[in-house]
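Here our numbering is used: position 54 in the sequence shown is 137, and no number is missing along the way.
Cβ coordinates follow ideal geometry from the N, Cα and C atoms, glycine included.
Here is the structure we will look at, set down as structure tokens.
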Amino acid sequence: MKKYTDTAQLFLRIALGLGFFSAVLDRIGWLGAAGQTNIAWGNWESFQEYTHTLLPFLSKSISDIMGFIATAGEALFGLLLIIGYRTRQSAIGSFLLLLSFAFVMTITLGLKAPLNYSVFSASAGAFILATLSSYRWSLDNYLGKVPKN
């Protein structure tokens with residue numbers, strides 16, 4: 084099984100990274116307009132409304148800030164995971180970000196919502212990625228940065 088670890092970690096990094104990028108691009112309308120097939124938000128305003136739905140206990144302005152922070156985190160972690168730079172830290176950050184999404188979605192929308200969007204699974208994948216001892220085919224590997232266990 085060890086022989087598949089290098090390929091599995093690369094696939095996991097790319098899958099998580101592209102998942103983050105897809106969400107970010109959807110929020111800014113680059114993947115299509117609101118209401119089109121497979122478009123969750125289609126614009127920033129629709130995303131902010133959704134964020135406020137998830138965070139009804141916060142004021143609209145604080146909810147908007149939280150949406151921006153989440154989006155910035157997803158963009159940053161997505162890029163870092165794909166190129167494999169500071170991979171362990173990016174995986175831990177991704178795990179925590181996704182787990183927070185899962186918990187908030189569970190509290191406000193019920194357990195089915197994060198299960199439908201595989202948020203718990205993605206979070207678990209990021210957590211597993213953080214536990215690996217090396218990241219072949221990564222910028223970390225190229226630069227000789229060995230993760231600290």
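C-alpha gap between residue i and residue j, whole angstroms
i: Gly161; j: Ala213; result: 14 Å
i: Val187; j: Ile165; result: 26 Å
i: Gln92; j: Phe104; result: 18 Å
i: Arg110; j: Tyr218; result: 30 Å
i: Ser142; j: Pro230; result: 40 Å
i: Ser146; j: Lys86; result: 45 Å
i: Ser201; j: Trp220; result: 26 Å
i: Asn121; j: Ala155; result: 22 Å
i: Leu194; j: Ser177; result: 20 Å
i: Ile97; j: Ser183; result: 21 Å
i: Val107; j: Asp89; result: 27 Å
i: Leu114; j: Trp127; result: 12 Å
Helix, strand or coil at residue i according to DSSP, with G and I counted as helix
i: Ser217; result: coil
i: Gln131; result: helix
i: Gly125; result: coil
i: Ser204; result: helix
i: Leu141; result: coil
i: Pro265; result: Because the chain here runs from 84 to 232, residue 265 falls outside it and cannot be looked at.
i: Ala117; result: coil
i: Ile148; result: helix
i: Arg169; result: coil
i: Gly112; result: coil
Burial state of residue i (16 or more Cβ within 10 Å)
i: Pro139; result: exposed
i: Leu215; result: buried
i: Glu157; result: buried
i: Phe94; result: exposed
i: Ser144; result: exposed
i: Leu163; result: buried
7 Å Cβ cutoff met for residue i and residue j
i: Leu99; j: Tyr168; result: no
i: Gly125; j: Gly112; result: yes
i: Ala205; j: Leu181; result: yes
i: Ala117; j: Ser129; result: yes
i: Thr189; j: Pro197; result: yes
task = Assess, as a yes-or-no matter, whether the stretch 205 to 213 is touched by the stretch 164 to 178 under the definition of 3 or more beta carbon pairs within less than 8 Å.
result = yes
task = Tell me, please, whether the stretch 149 to 161 touches the stretch 117 to 134 by the rule of three or more beta-carbon pairs shorter than 8 Å.
result = yes
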